[in-house]
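K.L.:
One structure, as structure tokens, below. Some questions next.
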Amino acid sequence: MILIHANSIVLKLAQDIKNFAQISGISNLYPKLDKSFLREILDSRANSVYSAKGYFFEDASLFESTLEVFKQAIKQRCEVAFLYKNEPRTVQPYRLVHHHGCWYLAAVSNGQLRAYRVSRIANPKPYSEQESFEFDKTILKQLENEESIWFSQQKQEVVLSVHSEVALHFEQRQLLPEQQVIKRLNDGSLLVSSKISHATQILPLVRYWIPHLKIVNPQSLQQQLEKELQGYLE
Numbered sequence: 613m614i615l616i617h618a619n620s621i622v623l624k625l626a627q628d629i630k631n632f633a634q635i636s637g638i639s640n641l642y643p644k645l646d647k648s649f650l651r652e653i654l655d656s657r658a659n660s661v662y663s664a665k666g667y668f669f670e671d672a673s674l675f676e677s678t679l680e681v682f683k684q685a686i687k688q689r690c691e692v693a694f695l696y697k698n699e700p701r702t703v704q705p706y707r708l709v710h711h712h713g714c715w716y717l718a719a720v721s722n723g724q725l726r727a728y729r730v731s732r733i734a735n736p737k738p739y740s741e742q743e744s745f746e747f748d749k750t751i752l753k754q755l756e757n758e759e760s761i762w763f764s765q766q767k768q769e770v771v772l773s774v775h776s777e778v779a780l781h782f783e784q785r786q787l788l789p790e791q792q793v794i795k796r797l798n799d800g801s802l803l804v805s806s807k808i809s810h811a812t813q814i815l816p817l818v819r820y821w822i823p824h825l826k827i828v829n830p831q832s833l834q835q836q837l838e839k840e841l842q843g844y845l846e
């Protein structure tokens, strides 16, 4: 009886860890998350085998109280008020989103879904605890489908050429927003596409991969990149 109870606890713990990994976006970090692997990874000797490097995360404890205000507001579906970039805002909160190491509040303001960097929010408080709002199904679907914090119904397709020296990186991982491989060329290079809502989503990534990445279309985006680089060199 004790053994059965212990096994059920282990199974529940394993499922809880899987759920946590899914919510945190790290479910594919390790090859599998079954019971045997979790026992191995949680063993005190595992640090001699596995190590995760190169991840930057904000210290969320610095704005724990802010996250708590938004968590309760989302659960109760009540509007919140706060200062953002020294301007008062009143929004309908939908979700707390962790993106590239930073926490954002996804909320609706004037009918538009927007993202607010939590660490830049001051004086958050419920706007009205007596009144509540209903979640918009279209907004919820948008949150589920969007991979970033650049919320927009209108997206632009960008086509890029990837040099053969780094092609494998782009074949094995999605390094660009909504990345798709269009064509593998005879010289080992690639043509890839990306869908963006704002130039800021793609230009820093292209700069990082220079000279191995180039924007083919739209040419105006490549020209903008070259102009910015020229300004930096001057």
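Heads up, the sequence shown stops at 846 in this note's numbering, and the numbers go up one at a time, no gaps.
Ideal Cβ positions, reconstructed from N, Cα and C, are used throughout, including at glycine.
By a C-beta neighbour count over all protein chains shown, 10 Å radius and 16 as the cutoff for buried, is Pro830 buried or exposed?
P.N.:
Counting Cβ neighbours within 10 Å, Pro830 comes out exposed, since fewer than 16 surround it.
K.L.:
Could you name the residues of the same chain whose beta carbon sits closer than 6 Å to that of Phe669, not counting the 5 residues immediately before and after it, in chain order?
P.N.:
Hits under 6 Å: Gly713.
K.L.:
What do you get for Leu717, buried or exposed, if any count of 16 or more other CB atoms within 10 angstroms of its CB means buried?
P.N.:
Classification for Leu717: buried.
K.L.:
Using only the alpha-carbon positions, how far apart do Asp799 and Leu841 sit?
P.N.:
Asp799 and Leu841: Cα-Cα distance of roughly 28 Å.
K.L.:
Starting from the Cα of Val730, find the closest Cα among Glu676, Gln834, Cys690 and give me that residue.
P.N.:
When each option's Cα is compared against that of Val730, the closest is Glu676.
K.L.:
Pro816 by DSSP, collapsed to three states: which one?
P.N.:
Residue state, collapsed to three classes: helix.
K.L.:
Count the other CB atoms within 10 Å of the CB of Thr812; is the residue buried (16 or more) or exposed (fewer)?
P.N.:
Exposed, because fewer than 16 other Cβ atoms sit within 10 Å of the Cβ of Thr812.
K.L.:
Bridge partners for Ala719 per DSSP, in chain order?
P.N.:
Pro705, Arg726.
K.L.:
Quick check: the Cα distance between Pro801 and Phe782, rounded to an integer number of angstroms?
P.N.:
The question names Pro, but residue 801 in the sequence shown is Ser. Ser801 and Phe782: Cα-Cα distance of roughly 10 Å.
K.L.:
Hey, Leu772 and Leu825: beta-carbon distance below 8 Å or not?
P.N.:
The answer is yes: Cβ separation under 8 Å.
K.L.:
Please confirm whether Pro705 and Ala685 have their CB atoms less than 8 Å apart.
P.N.:
Contact: yes.
K.L.:
Could you name the residues of the same chain whose beta carbon sits closer than 7 Å to that of Tyr728, not counting the 5 residues immediately before and after it, in chain order?
P.N.:
So the qualifying residues of the chain are Tyr696, Tyr716, Leu717, Ala719.
K.L.:
To which residues does DSSP link His710 through a beta bridge?
P.N.:
Looking at the DSSP assignment, His710 forms a beta bridge with Trp715.
K.L.:
Taking the CB atoms as reference points, tell me whether Ile555 and Leu645 lie closer together than 8 Å.
P.N.:
Outside the shown range of the chain, which is 613 to 846, sits residue 555, and nothing can be said about it.
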